[in-house]
Structure formats: C-alpha cells, structure tokens
C-alpha cells in the first residue's frame, strides 16, 4: 500500500512539478496550449485516462472523440455543438464508438472522467452523463459505427437524448 501511495504522489505532484515547473497544477488547468480535440497540450483528463485505461485505449478514445465531433459537424451544420441536438448526438456517438472499440467498461471510465474532470456546470454534466450512458447502450446493441451513428441520430431527433440541460 505504501508503494502505491508513493507512486500516486510521485505521478501527480512531484513529476508535474519537475516537468512543468509548477508546484501544483489544478485538475482543470491545461499544462500548455489550447484547442478542443487536436491539441498538443496535456490536461489532467488525459493523464488520468492514460493511467487508468492505458495509453493505447486512451488514444483510441481520443480518436473516437475526434470522429464523433467531425460526424456531428457534418450531420448538423450550423449547430453550435453545445447544449443542442448536435451536442447530444456527439456524446451518444462518442460513447457508442468507444464501447465498440475499447469496451463498455473502458468507455464508461473515459466518459465519466471527461465529464468530472472538466469544469462544466452541474446541469450540463448530468445531461452529458445521461447521453453518454445512452451511447454505451447503443454501442452494445449495434456493434458497428454506422449502426451506432443511425441510432444516435434517431435518439437525438426523437429527444430520447437530453438536448437541453
């Protein structure tokens, strides 16, 4: 137990301090740069993801997020992708893709990690978690990205997904 505690302290407090020149980095603070999904910066979300599910599955989840965003932009031109039908679709589709590619347990961990480590209002977090949960089920039931996309579009249009916080 002492070894695990020492490892956690080293990974989260000493290494960021030595590597990035900071004594403590707030969980919502970016370590460098800024952009939504194509970013060279590292946030606590990515660090925790890599530690919990491993760098390979974390990279797949990141690529699934980019695919879900690109698909949402294509299917919903003119939407702002925040608290609207396109955003609900994106959360559903991202979770479905992750379920298909890395499994439902890993997908849930990544989705929850994303919602809890980002500084969103509580009502938005609950909405996103709900849409993520629907996406997990979609991924389990459909098994293919094309079928998952169709089902998430259907659920967004029927407002089975939560569209507004």
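Residue numbers (this note's numbering): 401 to 565. All C-beta atoms in this analysis are idealised placements derived from N, C-alpha and C, irrespective of residue type, glycine included.
Can you tell me whether DSSP reads residue i as helix, strand or coil?
i           : result
residue 438 : Residue placement at residue 438 is flagged as unreliable, the pLDDT there being 45, under the threshold of 50; a coordinate-derived value is accordingly withheld.
residue 564 : coil
residue 559 : coil
residue 543 : coil
residue 443 : coil
residue 535 : helix
Going by beta-carbon coordinates alone, are residue i and residue j separated by less than 7 Å?
i           : j           : result
residue 492 : residue 463 : no
residue 457 : residue 502 : yes
residue 535 : residue 495 : yes
residue 539 : residue 548 : yes
residue 444 : residue 517 : yes
residue 510 : residue 498 : yes
residue 523 : residue 565 : yes
residue 481 : residue 468 : no
Against chain B, with Cβ distances strictly below 7 Å, would residue i count as a contact?
i           : result
residue 541 : Given the protein chain composition of this structure (a single chain), no chain B is represented.
TODO: Tell me the start and end of each unbroken alpha helix (DSSP H) in the segment 462-533 that is at least 4 residues and wholly inside, in chain order.
DONE: 485-502 and 504-516
- [ ] Evaluate the contact criterion for the segment 549-559 versus the segment 474-494: three or more CB pairs, one atom per stretch, below 8 Å.
- [x] yes
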